[in-house]
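Working notes for the structure below.
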Amino acid sequence: MTAQLDFVVVRTLKLLVRAIVLPIAWLIRVLTIPIGSWFRGLNKRHRITDDWYIATYFLTAVPRYIWSVYRGRFQFWYTFVNHVEKNGNLPCISYPKPLREKGEFQMECYTYRETYEIVLRLSHLLYHKYGVRENHTVAMDYANKPMFIFMWFALWNIGAVPSFLNYNSMGAPLVHSIKIADVRVVFVDLQVAHAIKETESAIRSELPQVELHFLSDEEVYTTIMDKNSPQFLQAKEKRSPPFGTDFQPACLIYTSGTTGLPKSAIMSWRKAVIGCSLFGYIMRIKRDSIVFTAMPLYHSTAALLGVCAVFSQGGCVAVSNKFSASSFWKQAYLTKSTHIQYVGEICRYLLHTPASEYESKHCVKVAYGNGLRADIWQEFRNRFGIEVIGEFYASTEAPFATTTFQKGDFGVGACRSYGTIISKILSIQQTIVRVDPEDESTVYRNHKGLCTVAPVGEPGEMLMKIFMPKKPEATFQGYLGNEKATKSKVLRNVFKKGDAWYRSGDLLRSDENGLWYFVDRMGDTFRWKSENVSATEVEDQIMAFANLKVAAVVVVGVKVPDHEGRAGFAVLQLAPQARSLRGDIKFLNEMLSNLKKSLPKYALPVFVKFVDEIEHTDNHKIKKKSYKNQVLPHGAGGDEILYWLSNSNEYKPLTNADWIDINSGAVKL
Numbered sequence: 160m161t162a163q164l165d166f167v168v169v170r171t172l173k174l175l176v177r178a179i180v181l182p183i184a185w186l187i188r189v190l191t192i193p194i195g196s197w198f199r200g201l202n203k204r205h206r207i208t209d210d211w212y213i214a215t216y217f218l219t220a221v222p223r224y225i226w227s228v229y230r231g232r233f234q235f236w237y238t239f240v241n242h243v244e245k246n247g248n249l250p251c252i253s254y255p256k257p258l259r260e261k262g263e264f265q266m267e268c269y270t271y272r273e274t275y276e277i278v279l280r281l282s283h284l285l286y287h288k289y290g291v292r293e294n295h296t297v298a299m300d301y302a303n304k305p306m307f308i309f310m311w312f313a314l315w316n317i318g319a320v321p322s323f324l325n326y327n328s329m330g331a332p333l334v335h336s337i338k339i340a341d342v343r344v345v346f347v348d349l350q351v352a353h354a355i356k357e358t359e360s361a362i363r364s365e366l367p368q369v370e371l372h373f374l375s376d377e378e379v380y381t382t383i384m385d386k387n388s389p390q391f392l393q394a395k396e397k398r399s400p401p402f403g404t405d406f407q408p409a410c411l412i413y414t415s416g417t418t419g420l421p422k423s424a425i426m427s428w429r430k431a432v433i434g435c436s437l438f439g440y441i442m443r444i445k446r447d448s449i450v451f452t453a454m455p456l457y458h459s460t461a462a463l464l465g466v467c468a469v470f471s472q473g474g475c476v477a478v479s480n481k482f483s484a485s486s487f488w489k490q491a492y493l494t495k496s497t498h499i500q501y502v503g504e505i506c507r508y509l510l511h512t513p514a515s516e517y518e519s520k521h522c523v524k525v526a527y528g529n530g531l532r533a534d535i536w537q538e539f540r541n542r543f544g545i546e547v548i549g550e551f552y553a554s555t556e557a558p559f560a561t562t563t564f565q566k567g568d569f570g571v572g573a574c575r576s577y578g579t580i581i582s583k584i585l586s587i588q589q590t591i592v593r594v595d596p597e598d599e600s601t602v603y604r605n606h607k608g609l610c611t612v613a614p615v616g617e618p619g620e621m622l623m624k625i626f627m628p629k630k631p632e633a634t635f636q637g638y639l640g641n642e643k644a645t646k647s648k649v650l651r652n653v654f655k656k657g658d659a660w661y662r663s664g665d666l667l668r669s670d671e672n673g674l675w676y677f678v679d680r681m682g683d684t685f686r687w688k689s690e691n692v693s694a695t696e697v698e699d700q701i702m703a704f705a706n707l708k709v710a711a712v713v714v715v716g717v718k719v720p721d722h723e724g725r726a727g728f729a730v731l732q733l734a735p736q737a738r739s740l741r742g743d744i745k746f747l748n749e750m751l752s753n754l755k756k757s758l759p760k761y762a763l764p765v766f767v768k769f770v771d772e773i774e775h776t777d778n779h780k781i782k783k784k785s786y787k788n789q790v791l792p793h794g795a796g797g798d799e800i801l802y803w804l805s806n807s808n809e810y811k812p813l814t815n816a817d818w819i820d821i822n823s824g825a826v827k828l
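So the sequence shown is numbered by the working numbering: it starts at 160 and just counts up by one.
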């Protein structure tokens with residue numbers, strides 16, 4: 160009866176859309192015969208057809224989602240099952256498994272039906288052998304591979320909440336990540352178990368209730384690939400939360416925070432289902448699409464905007480075990496990918512690699528991601544034969560995202576590009592406000608105590624509206640177990656008393672065509688090697704090592720030519736009794752050795768400088784802006800001595816010869 164009702168509702172929605180869409184399309188076609196040139200001019204100015212493409216999605220997807228919420232079937236699990244039932248024989252997961260011979264791969268492919276059955280067998284194993292139950296929070300410490308997705312969806316089937324650990328995290332940050340999420344069980348992939356094993360004693364000491372299970376792929380595969388192994392399908396009422404709770408956690412993804420420890424961002428069902436579906440639709444992902452990602456699945460880019468966006472459209476996701484510039488296009492070719500995911504750093508790495516046969520043999524037409532700079536945008540597209548760039552702006556915890564689907568020359572470098580109508584509608588939801596010129600981490604307020612929209616061309620902070628100020632979690636779920644951090648992301652009394660907006664912490668600017676462009680990050684985090692680095696976390700670890708030798712430390716990100724993001728830069732003010740250590744290489748490398756025990760590799764300071772005294776403003780705030788603008792390699796006056804983390808994995812003085820090698824790409828930071 161329920162299935163028949165579903166069919167009637169979906170059929171009715173389709174008929175309604177046809178009744179609305181087809182007459183309008185016919186009318187436009189008829190009108191464009193006598194006034195075709197007029198319409199083309201109007202469309203060029205206002206991009207009506209682009210907006211109409213997005214509008215058609217809302218006409219069907221939003222009513223369908225509301226209906227799924229009413230029925231308690233709004234979790235992404237049901238989106239996946241729907242494609243299993245409709246397109247069970249279509250490819251779901253493709254994996255170029257790396258072999259011992261460098262650059263060689265063995266293809267693994269799974270259809271939707273095969274993936275579903277594997278997930279049910281794994282669910283039985285997790286439920287009966289390891290005691291995983293509905294509402295449990297279960298951490299996954301896994302490398303990129305099909306097993307990551309199998310484990311993830313098995314937990315969703317059971318009704319548990321997956322928590323995706325960054326396998327580079329170790330020490331106190333790792334213990335904190337497990338603790339704040341109230342994790343009961345941690346499943347560890349032996350391929351990336353080193354960080355967990357380094358921290359295992361601390362976990363067992365501080366969190367004795369947490370179970371650690373180190374799983375061998377070979378042993379697990381023996382069970383889940385056996386068609387005779389038992390399956391487990393959770394009862395719907397145990398998997399589904401109560402009506403109206405679609406903003407509850409679908410999964411937890413960790414992001415760096417200014418407190419010095421990771422924050423557990425809540426990815427709601429609403430965001431996972433309707434947000435990812437819209438994103439996949441905008442990026443033209445279809446049932447015959449194959450999206451190749453070399454991004455880590457523990458991040459939202461690959462997990463939500465990769466796997467979920469692809470599965471929402473019934474497409475296939477091709478997962479690379481890890482990024483390799485030399486074999487990237489070969490893997491894209493082997494998987495027959497139509498789309499690739501990127502971050503800006505990847506694009507530069509690929510442009511710096513020698514030409515290969517596979518960079519022109521692949522089938523990729525669309526590249527989507529974030530951080531692709533305008534200076535290499537067209538070069539990247541032209542060299543690799545990419546027709547469309549799908550640049551977006553988003554963050555793990557943000558309630559919304561902005562997108563562009565860029566062809567030709569218009570809109571190069573933009574991260575938000577819509578027609579006049581959609582832009583006007585989104586102005587209710589998204590805005591850029593002016594920031595204090597003396598302190599860009601603070602928004603500017605006028606004499607009424609309210610914010611003002613940044614003029615065209617002026618960088619300002621991007622804000623997203625929270626529609627229920629008294630119940631912000633309906634729009635912005637924030638961070639699990641960290642109310643202070645959640646509240647810090649909510650800005651109130653912006654345009655009127657009592658309103659509330661989400662703070663992105665990023666500077667964006669608009670242009671005269673209504674396009675938006677990413678400018679820089681604000682505050683105490685910066686991005687390096689596709690990862691968010693907490694400046695406070697690095698500062699805390701430096702002081703923990705050298706609190707008697709270092710009086711003060713500032714860590715910021717600095718721009719390096721031809722490198723995406725910002726490299727870590729530590730400014731050290733030595734204590735009076737330790738002034739003799741200035742320039743002491745042994746001291747710096749002892750500090751480095753200690754930092755490696757508690758920080759992931761990407762968070763280690765790339766550059767270090769000693770100063771007599773760290774600069775402050777009149778009201779005793781550190782002048783971080785001046786340090787962010789550090790001139791490399793020897794300062795504005797050309798007489799400063801800096802130290803850099805060389806390829807020999809130790810600090811040494813930064814020379815002009817080193818700087819030439821860095822800029823030429825002869826050495827990698």
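Quick reminder that beta carbons are idealized off the backbone N, C-alpha and C, glycines included.
Note that the coordinates shown come from a computational prediction; the quantities given were computed from them, not determined experimentally.
Nearest neighbour of G578, chosen from T562, R429 and V730 [CA to CA]: Start at 1 with the first residue of the sequence shown, and residue 578 comes out as number 419. Selected option, being the one with the closest Cα: T562.
Do you know offhand how far L733's Cα is from V717's? Counting from 1 along the sequence shown, the entry for residue 733 is found at position 574. Counting from 1 along the sequence shown, the entry for residue 717 is found at position 558. C-alpha separation (whole angstroms): 21 Å.
Whole angstroms are fine: how far does the CA of A394 sit from the CA of Q589? As a first step, residue 589 is located in the sequence shown; it is residue number 430 there, counting from the start. As a first step, residue 394 is located in the sequence shown; it is residue number 235 there, counting from the start. Approximately 40 Å, taken between the alpha carbons.
Hey, which unbroken runs of the alpha helix (DSSP H) at 4 residues or more fall wholly within the stretch 582-652? 642-647
Closer than 6 Å by C-beta to G640: which residues in its own chain qualify, once you throw out the five before and the five after it? Chain order, please. The sequence position of residue 640 within the sequence shown is 481, counting from 1. Cβ within range, chain order: I339.
Check the C-beta distance from F451 over to T494 and give it rounded, since I have them as a contact under 8 Å. Indexing the sequence shown from 1 puts residue 451 at position 292. Indexing the sequence shown from 1 puts residue 494 at position 335. About 6 Å; that satisfies the 8 Å criterion.
Option in K783, S785, K708 and E772 with minimal Cα separation from E749: Taking the sequence shown and counting its residues from 1, the one referred to as residue 749 is at position 590. E749 has its Cα closest to that of K708, out of K783, S785, K708 and E772.
Should the stretch 508-526 be regarded as contacting the stretch 540-553, the criterion being three or more beta carbon pairs within less than 8 Å? yes
Can you tell me the Cα-Cα spacing of T296 and G318, whole angstroms? Reading the sequence shown from its first residue, position 137 is the one you call residue 296. Reading the sequence shown from its first residue, position 159 is the one you call residue 318. In a straight line, the C-alpha of T296 is about 10 Å away from that of G318.
Should the stretch 537-546 be regarded as contacting the stretch 453-471, the criterion being three or more beta carbon pairs within less than 8 Å? no
Out of Q490, L510, E538 and I499, which one is the CA nearest neighbour of Y517? What you label residue 517 is simply residue 358 of the sequence shown in a count that begins at 1. Closest by alpha carbon: Q490.
How far does the alpha helix (DSSP H) with N541 in it extend, from its first residue to its last? Taking the sequence shown and counting its residues from 1, the one referred to as residue 541 is at position 382. Run containing N541: A533 to F543, per the alpha helix (DSSP H) assignment.
Q500 bridges to which residues according to DSSP? The count along the sequence shown starts at 1 and reaches residue 500 at position 341. Beta-bridge pairing links Q500 to Y527.
Straight-line CA distance for I505 to R680? As a position in the sequence shown, residue 505 is number 346, starting the count at 1. As a position in the sequence shown, residue 680 is number 521, starting the count at 1. Cα-Cα distance, rounded: 19 Å.
Which runs of the beta strand (DSSP E) at least 3 residues long sit entirely within the stretch 363-446? Give them in chain order. 370-374, 408-414 and 422-427
Beta-carbon proximity of F487 to A514, cut-off 8 Å: Position 328 of the sequence shown holds residue 487. Position 355 of the sequence shown holds residue 514. Taking 8 Å as the Cβ cut-off, F487 and A514 do not qualify as a contacting pair.
Excluding the 5 residues flanking S855 on each side, which residues of the same chain have their C-beta closer than 6 Å to its C-beta? Nothing can be reported for residue 855: it is not among the residues displayed for the chain, which extend from 160 to 828.
Rounding to the nearest angstrom, what Cα-Cα distance links G673 and F569 in this structure? Looking up residue 673 in the sequence shown gives position 514. Looking up residue 569 in the sequence shown gives position 410. In a straight line, the C-alpha of G673 is about 12 Å away from that of F569.
Identify whether T296 lies in helix, strand or coil by the three-state DSSP scheme. Taking the sequence shown and counting its residues from 1, the one referred to as residue 296 is at position 137. Of the three classes helix, strand and coil, the one that applies to T296 here is strand, per DSSP.
Anyone know if the C-beta pair for K304 and Y254 falls short of 8 Å? What you label residue 304 is simply residue 145 of the sequence shown in a count that begins at 1. What you label residue 254 is simply residue 95 of the sequence shown in a count that begins at 1. Result yes, Cβ atoms of K304 and Y254 sit closer than 8 Å.
Using the C-alpha atoms, what's the distance from N248 back to N808? Looking up residue 808 in the sequence shown gives position 649. Looking up residue 248 in the sequence shown gives position 89. Distance between the alpha carbons of N808 and N248: 49 Å.
Beta carbon of Q234 nearer than 8 Å to that of R398: Your numbering for residue 234 matches position 75 in the sequence shown. Your numbering for residue 398 matches position 239 in the sequence shown. Yes.
Environment of E599 [buried if 16+ CB atoms lie within 10 Å]: Residue numbering aside, residue 599 sits at position 440 when the sequence shown is read from its first letter. Buried, by the Cβ-count rule.
Got a sec, what are the start and stop residues for the alpha helix (DSSP H) P332 sits in? As a position in the sequence shown, residue 332 is number 173, starting the count at 1. Note, P332: alpha helix (DSSP H), G330 to I339.
Looking at the C-beta of Y224, does it have a partner C-beta in chain D at a distance below 8 Å? Although the question refers to chain D, the structure presented lacks it and comprises just one protein chain.
For M266, report the span of its alpha helix (DSSP H) as first-last. To locate residue 266, count along the sequence shown from 1; it is residue 107. Here M266 belongs to no alpha helix (DSSP H); instead the beta strand (DSSP E) covers F264 to T270.
If you drop the 5 nearest sequence neighbours on each side, which residues of the same chain put their C-beta closer than 6 Å to that of C410? Mapped onto the sequence shown, residue 410 falls at position 251. The answer, listed in chain order, is P321 and M426.
Considering only DSSP beta bridges, list what W687 is partnered with. One-based indexing of the sequence shown puts residue 687 at position 528. E690, per the DSSP bridge assignment.
Decide if Y661 is buried, meaning its Cβ has at least 16 other Cβ atoms within 10 Å, or exposed. Reading the sequence shown from its first residue, position 502 is the one you call residue 661. That one is buried.
In chain order, what residues of the same chain lie with their CB nearer than 6 Å to the CB of E357, ignoring the 5 residues before and after it? Translated into the one-based positions of the sequence shown, residue 357 becomes position 198. Excluding residues within five positions, the ones whose Cβ falls inside 6 Å are M329.
Exposure label - D300; buried when at least 16 CB within 10 Å: Within the sequence shown, the letter at position 141 stands for residue 300. Under this definition D300 is a buried residue.
Report the option in K760, T611, E723 and F217 whose CA atom is closest to the CA atom of L804. Reading the sequence shown from its first residue, position 645 is the one you call residue 804. For L804, the nearest C-alpha among the options comes from K760.
Which word fits D348, buried or exposed, when buried means at least 16 other C-beta atoms lie within 10 angstroms of its C-beta? One-based indexing of the sequence shown puts residue 348 at position 189. Classification of D348: buried, given that the 10 Å Cβ count is 16 or more.
What did DSSP end up calling S253 once you bin it into helix, strand or coil? For the purposes of this step, residue 253 is taken as residue 94 along the sequence shown, with counting starting at 1. Note: S253 maps to strand in three-state DSSP.
Which residue marks the beginning of the alpha helix (DSSP H) containing L314, and which one marks its end? Reading the sequence shown from its first residue, position 155 is the one you call residue 314. P305 to I317 is the extent of the alpha helix (DSSP H) around L314.
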